[in-house]
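Reading through the structure tokens given below for one structure.
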Amino acid sequence: MKIHFDISHPAHLNFFRGAMERFRVEGHEVFMTVLDRGALLNIARRELQEIPLFKSGRHRGGVLSIIFEANIIKFFRLAVFYFRTRPDVTLSCGGFVAGAIMKMAGRPNYQFDDDPERKNNVLLERLTATALYFPPVINARGNIMTYNGVKEWAYLSPASFRPDIVMLKEYGLSPGEYVFVREVSRDTLNYMNQERDAVIEGIISATKGMRVLLSLEKKRDRALYPADWMMLTEPVKGIHSLIYFSRYLISSGDSMAREACVLGVPAFYCGGRKMAVNDYLLSTGLFYDVSPAELPAAVGKADSTLTERELFREKREVEWDDLTALTVGLVLDNKDTDR
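Here it is as structure tokens:
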């Protein structure tokens with residue numbers, strides 16, 4: 001089979017990594033189309049060298065780039081890609097543009113999303129997807145299906161990821177002695193209304209006296225943070241190990257906050273977006289949705305030993321679905337009925 005993965009965010013690349021590798025090893029032709037967004041192209045080229053990569057469009061931040069480069073131009077580039085490769089099936093995370101191409105071609109496409117708050121996107125996904133999969137934060141109906149867990153579990157479950165303490169040596173760090181901070185750009189639709197100064201002040205106040213690893217999406221903002229913070233340069237080798245061994249994580253972006261949580265690490269999300277999938281994780285006792293002003297007091301709750309983190313992950317391995325197996329099954333179990 002010719003299997004196409006449409007990737008527009010680093011988290012999507014991680015989500016499908018296990019499925020792509022499994023299909024490739026089993027002899028299927030695997031392709032990926034990747035949006036030129038931040039370091040995403042370089043990450044994809046470096047980490048999945050065996051899989052042919054096609055640039056689908058561009059995302060430079062700002063509304064115009066999102067509308068024209070990341071959607072309209074992407075549509076035409078994906079159309080060219082389709083006529084050149086003729087994939088049998090497409091998989092994506094919220095990839096309604098790729099879904100539209102496949103639907104017009106009469107080919108199946110399976111989409112994953114975890115953000116029902118973006119109602120217009122969900123409508124387009126429903127219209128273009130053969131099936132649309134969500135965590136249990138929305139009612140299953142029509143072509144909307146649900147699974148147990150969150151999408152970050154696909155690549156951070158014990159079956160997919162084992163933390164490597166060697167990754168700390170490059171930074172001269174020991175487990176639990178540092179904080180991991182993630183700051184996302186406000187040039188995206190999700191976060192362009194975020195108050196930058198309030199977020200920065202809250203994060204700095206909450207990490208006084210701590211060593212800090214800083215993952216900064218907008219590098220030109222480096223001067224706004226303390227000079228002794230260690231800034232990571234993407235692509236970061238072993239980033240999830242760096243998160244796992246941190247004392248806790250603070251993030252103004254939702255994706256990395258959820259990653260920390262499913263690793264068993266206390267995660268403090270201060271981005272201000274209200275999301276059902278984040279609420280779903282509140283019951284774990286490791287995900288905190290707080291305002292920047294609340295951060296200094298909230299981080300006092302951070303208390304998680306490495307043993308507790310592994311027990312947390314083992315428990316979720318029983319409760320949550322194997323999303324790589326789900327993805328592979330969607331393609332192989334339906335390869336005859338969808339054609």
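Residue 332 in this note's numbering sits at position 332 of the sequence shown; the count goes up by one each step and never skips.
Every residue gets a Cβ at the ideal spot worked out from N, C-alpha and C, and that includes glycine.
On a predicted model such as this, the values are computed, not experimentally measured, just so you know.
Can you list, in chain order, the residues of its chain with a C-beta nearer than 6 Å to that of residue i? Leave out the 5 residues immediately preceding and following it.
i	result
D321	Y147, N148 and G149
T324	G18, A19 and A154
I7	L13, M32 and V34
P292	A198, V199, G202 and C270
A227	none
I250	V181, I203 and F268
Between the alpha carbons of residue i and residue j, how many angstroms are there, rounded?
i	j	result
V122	I144	10 Å
S56	D36	7 Å
S65	K74	11 Å
G271	L216	14 Å
E50	A140	36 Å
A11	S255	7 Å
F134	V212	34 Å
Q111	L306	34 Å
G99	N120	15 Å
R58	R22	28 Å
I138	R258	18 Å
S252	G329	34 Å
G62	R273	18 Å
D333	V265	36 Å
E317	K151	13 Å
C261	A276	15 Å
F180	E319	27 Å
P235	E69	23 Å
D303	E47	33 Å
R313	L78	38 Å
Tell me where the beta strand (DSSP E) around residue i begins and ends.
i	result
A11	Not the beta strand (DSSP E): A11 falls in the alpha helix (DSSP H), residues P10 to V25.
V137	Here V137 belongs to no beta strand (DSSP E), and DSSP marks it neither H nor E.
L123	No beta strand (DSSP E) holds L123; the alpha helix (DSSP H) holding it covers K119 to T128.
G269	This sequence places Tyr at residue 269; Gly is not what is there. Per DSSP, Y269 belongs to the beta strand (DSSP E) from A267 to Y269.
I250	L249 to S251
K219	Segment: none, K219 is in no beta strand (DSSP E) and carries neither H nor E.
R58	L53 to R58
Could you please give me the residues that DSSP links to residue i through a beta bridge?
i	result
C261	Partner(s): none; C261 has no beta bridge.
N148	Note: N148 sits in no beta bridge, so no partner.
N109	T90
V212	V179
E29	K2
I7	V34
L132	Q111 and I144
G256	The residue asked about is misnamed: residue 256 is Met in this sequence, not Gly. Partner(s): none; M256 has no beta bridge.
The alpha helix (DSSP H) with residue i in it runs from where to where?
i	result
M167	Counting along the chain, M167 falls outside any alpha helix (DSSP H), and DSSP gives it neither H nor E.
R84	I73 to T85
F96	F96 to A105
V277	A276 to L282
S241	I239 to Y244
R46	L40 to E47
L156	W153 to L156
Sorted by chain position, which residues of the same chain lie with C-beta nearer than 8 Å to residue i's C-beta, five sequence neighbours on each side aside?
i	result
K335	M1, D88 and V89
N109	V89, T90, L91, S92, G95, A98, G99, M102, K103, T128, A129 and T130
Y280	P135, P136, V137 and V150
H28	M1, K2 and I3
Below 7 Å CB to CB, which residues in the same chain sit around residue i once its five sequence neighbours on both sides are set aside?
i	result
L232	L213, L214 and S215
F161	Y155 and H240
Go through the stretch 288 to 333 residue by residue and report every complete run of the alpha helix (DSSP H) that reaches 4 residues or more, in order.
295 to 298, 306 to 319 and 323 to 333
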